[in-house]
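Numbering (this note's numbering), first residue to last: 5 to 390.
Glycine included, each C-beta is placed from N, C-alpha and C at the ideal position.
Being a predicted model, the structure only gives us computed values, none of them experimental.
Structure record follows, encoded as structure tokens.
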Amino acid sequence: MSVAGEPDDDLLARVFLTRVLEPGDEAGGRWVREFGAGEVVRRLREGGQPLPGVSGKRWTGLLARAGTARPREDLAVAREAGVRFVCPGHPEWPGQLDDLGDTRPLGLWVRGRAGLRMWALKSVAVVGARACTEYGAHMAATLAAGLAEQGWVVVSGGAYGVDGAAHRGALGAGGATVAVLACGVDRPYPRGHTQLISRIAEQGLVVGELPPGDHPTPSRFILRNRVIAALTRGTVVVEAAHRSGSLVTARAAQRLGRHTMGVPGPATSGLSAGVHELLRGEAALVTDAADVVELVGDIGQLAPDRRGPVLPRDLLEPAARQVLAALPGGRAAGPDEIARRAQTAQEDAIARLYELRALGYVERHGDGWKLTRQAVMSVRGGPGPC
């Protein structure tokens, strides 16, 4: 914006181009980089010599779109809806989006009070299937809540299924979340998520590349995913079939050098097949927020050790555990047999047996020794035979 409050020429030109170029248009991004947004707009308005590398048919289509572009009107409509336009060079612009090269957004329409650049610095994408299972929805919500509680911003696409569960998990934990839409941010999509997206706009941010009122298309959903991948430090895929759009996000994250993570599911679930394919490659397996933070967080933010419960026998000295393990499960045995099975001297075995008796693991049976019921359960790890 200029000092007088009027939008500057570059911003107006970029708003103009959001009506003409589709998101992720690499040729358009190259034109803007080589000639500047203002010069590209000038050529489109004058309708003269085509820009480099564009066919006559496409040039005609671009000119038709350019004839309907009204950047000042778009900015006025956005302002009425509480939406602002953030473009490269603006203090709120997230620099990591520049990693997209010529496919980076011309700018982003942003709805919400928070600062996008600061939020993006500590953000994680949680994405997955729209038609997710109860397990997928649970894992997405739990992961997002855990990340939010640790001060991370959860980014997703606002869709049904995993996306919605992730947003709700973050909101429910009182945390921050960002929805990246494939349409104008003033018209939430899907309509069934109107209330959710409005809540995200109040508590977090809703962003998108398309100007006010623009509608989503299948290709726009796919292209939107590169923004989710570039905006965040890493992408977690909760559930995804082999042809899931969330895999596009994960692969974009890999190309950009971001962390890629997957939550495993049942081997029989087709909705986890795409995640398992990722995990067979370079993606890291994660099961909770601590796993995610260990990968994307700062040095020293380690996940806790994963261990089973500490059993009483774990507190025994190794020599005593060895003698305990040498006793047969269903009968008494003499000290010589126990010593032989424990690979120790008979005197040492007897000393350990008396120690184990004091702890309630063994009992005397004539000249032999037998495990108590407590010991049988301890050795087996529980009451069952497994």
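query, result
"For the segment 249 to 269 against the segment 106 to 116, are there 3 or more C-beta pairs whose distance is under 8 Å?", "no"
"Please report the distance separating the alpha-carbon of Asn229 from that of Val87.", "21 Å"
"Using 8 Å as the threshold, is the C-beta distance between Val19 and Leu79 below it?", "yes"
"Once you ignore the five residues that flank Gly266 on each side, which residues in its own chain have a CB closer than 6 Å to its CB?", "Val241, Val279, Leu282, Leu283 and Ala287"
"Rounded to whole angstroms, how far is the Cβ of Gly188 from the Cβ of Leu147, which I believe are closer than 8 Å?", "29 Å between Cβ atoms; not a contact."
"Note down the Cα distance separating Phe39 from Pro56, rounded to an integer number of angstroms.", "11 Å"
"Please name the residue or residues paired with Glu367 in a DSSP beta bridge.", "Lys374"
"Closest by CA to Ala234, which one among Leu209, Ala124, Trp113 and Gly51?", "Ala124"
"Quick check on the burial criterion: 16 or more other C-beta atoms within 10 angstroms. Buried or exposed for Pro216?", "buried"
"Arg237 and Val128 - do their beta-carbons sit closer together than 8 Å?", "yes"
"Using the C-alpha atoms, what's the distance from Gly161 back to Pro194?", "10 Å"
"DSSP three-state call for His263: helix, strand or coil?", "strand"
"For a test of the three-state rule: what should DSSP assign to Cys390, helix, strand or coil?", "With a pLDDT of only 31 at Cys390, under 50, the local geometry of the prediction cannot be trusted, and the value read off the model is given with reservation. Coil, per DSSP."
"Can the beta-carbon of His142 be found less than 8 Å from the beta-carbon of Gly168?", "no"
"Going straight from the alpha carbon of Arg23 to that of Thr72, what length do you get?", "8 Å"
"My parser needs the beta strand (DSSP E) runs of 3 or more residues fully inside the segment 83 to 121; what are they?", "87 to 90 and 112 to 115"
"Spatial neighbours of Ala149 within its chain, please: CB distance less than 7 Å, with the 5 preceding and 5 following residues excluded, ordered by chain position.", "Gly173, Ala174, Gly176 and Ala177"
"For Gly388, which residues of its own chain have a beta-carbon under 6 Å away from its beta-carbon, when the five flanking residues on both sides are left out?", "Residue placement at Gly388 cannot be trusted, given a pLDDT of 39 that sits under 50; the coordinates are not used to answer."
"Start and end of the beta strand (DSSP E) containing Ser391?", "Limits of the chain in this structure are 5 at one end and 390 at the other, which puts residue 391 out of reach."
"Go ahead and label Leu2 buried or exposed: buried means 16 or more other beta carbons lie within 10 angstroms of its beta carbon, across all protein chains shown.", "The displayed coordinates of the chain run from 5 to 390. Any statement about residue 2 would go beyond what the structure contains."
"For Gly269 and Gly285, I'd like the C-alpha separation in whole angstroms.", "16 Å"
"Taking all protein chains shown into account, do 16 or more other C-beta atoms lie within 10 angstroms of the C-beta of Gln100, making it buried, or fewer, making it exposed?", "buried"
"Check for me: the beta strand (DSSP E) holding Thr181 runs from which residue to which?", "Thr181 to Leu185"
"Out of Asp218, Arg356 and Gly165, point me to the one whose CA is closest to Gly364's CA.", "Arg356"
"Is DSSP giving Ser160 helix, strand or coil here?", "strand"
"Which of the three DSSP states is assigned to Gly269 in this structure?", "coil"
"Considering Cα atoms alone, identify which of Val158, Ser273 and Tyr139 is closest to Gln207.", "Val158"
"In angstroms, rounded to a whole number, what distance separates the CA positions of Trp63 and Val81?", "28 Å"
"For Val131, does the three-state DSSP call read helix, strand or coil?", "strand"
"Does the beta-carbon distance from Pro75 to Leu16 come in below 8 Å?", "yes"
"Hey, is Arg62's beta-carbon within less than 8 Å of any beta-carbon in chain D?", "Absence of chain D from the displayed structure is noted, only one protein chain being present."
"Quick check: the Cα distance between Pro11 and Gln53, rounded to an integer number of angstroms?", "28 Å"
"What residues in its chain sit with their C-beta under 7 Å from that of Pro440, if we drop five residues either side in the sequence?", "Because the chain spans 5 through 390 in this model, residue 440 falls outside it and cannot be assessed."
"How about Leu275 and Ala133: do their beta carbons lie closer than 8 Å?", "yes"
"Do Ala183 and Val210 come within 8 Å of each other at the CB atom, strictly closer than that value?", "yes"
"Looking only at DSSP bridge pairs, what is Gly212 linked to?", "Trp113 and Leu185"
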